[in-house]
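Written below as C-alpha cells is the structure these notes are about.
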Amino acid sequence: MDTLSFFWDLKQQTDIEQLKTEVSFTKGDAQAAAQSVLMNIVVPLEKRMDKLSLVTRAMWSLLREKTDVVESDLVRRIADLDAMDGQMDGKVTRPPMDCPNCKSMVSRKFNRCLFCGYVPPEGSPFDSV
Numbered sequence: 002m003d004t005l006s007f008f009w010d011l012k013q014q015t016d017i018e019q020l021k022t023e024v025s026f027t028k029g030d031a032q033a034a035a036q037s038v039l040m041n042i043v044v045p046l047e048k049r050m051d052k053l054s055l056v057t058r059a060m061w062s063l064l065r066e067k068t069d070v071v072e073s074d075l076v077r078r079i080a081d082l083d084a085m086d087g088q089m090d091g092k093v094t095r096p097p098m099d100c101p102n103c104k105s106m107v108s109r110k111f112n113r114c115l116f117c118g119y120v121p122p123e124g125s126p127f128d129s130v
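In my numbering, the protein residues as written are 2 to 130.
This is how it looks when you write it as C-alpha cells:
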C-alpha cells in the first residue's frame, strides 16, 4: 500500500464517520420537529374538531327535537352551503377581503392582514371558526 492510498483511505473513512454523525443529528432533528408539529398543531386541531363535532351534534339533536326538520333536509342544506362558494369540495371557503388600512388581501386563514395586522370585525359566530 503506498502512502497516497493510505491517506486517501483515511480521508474517506473520516468523511464517512462525519456523514454518519450528521445523519444521526438530522434524524434526531426530524424526530423533534415531528413531535413539535404533533403537539403544537395536530393535537389542538383534533381537540377543536372534537368540540365542533360535539356542538354540531348537539345543535342537530335540538333542531330535530324542536322542529319538523328531518335528516334529508340537513343533507340538502349541507349540499347547498357547500355549493355557495362555487365548488362542491366539502368545505365552506370564505370570500377574499381587501384590508381597509393598506389595501392588501386579508388572510382568511389567519383572519387578519399579514401586512398591517388589521383584524376584521366578526360578522358571524362562524367567522372565527
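For glycine and all other residues, C-beta sits at the position ideal for the given N, C-alpha and C.
Item: Based on DSSP bridge pairs, tell me the residues matched to SER25.; Value: Per DSSP, none; premise fails for SER25.
Item: Buried or exposed: which applies to VAL107, given that a residue is buried once 16 or more other Cβ atoms fall within 10 Å of its Cβ?; Value: buried
Item: With distances taken between CB atoms, is the gap from ASP86 to THR94 smaller than 9 Å?; Value: yes
Item: Buried or exposed for CYS114, going by 16 or more other Cβ atoms inside 10 Å?; Value: buried
Item: Could you tell me whether the Cβ atoms of GLY91 and ASP99 are closer together than 9 Å?; Value: no
Item: Given this structure, state the Cα-to-Cα distance separating GLN36 from GLY124, to the nearest angstrom.; Value: 36 Å
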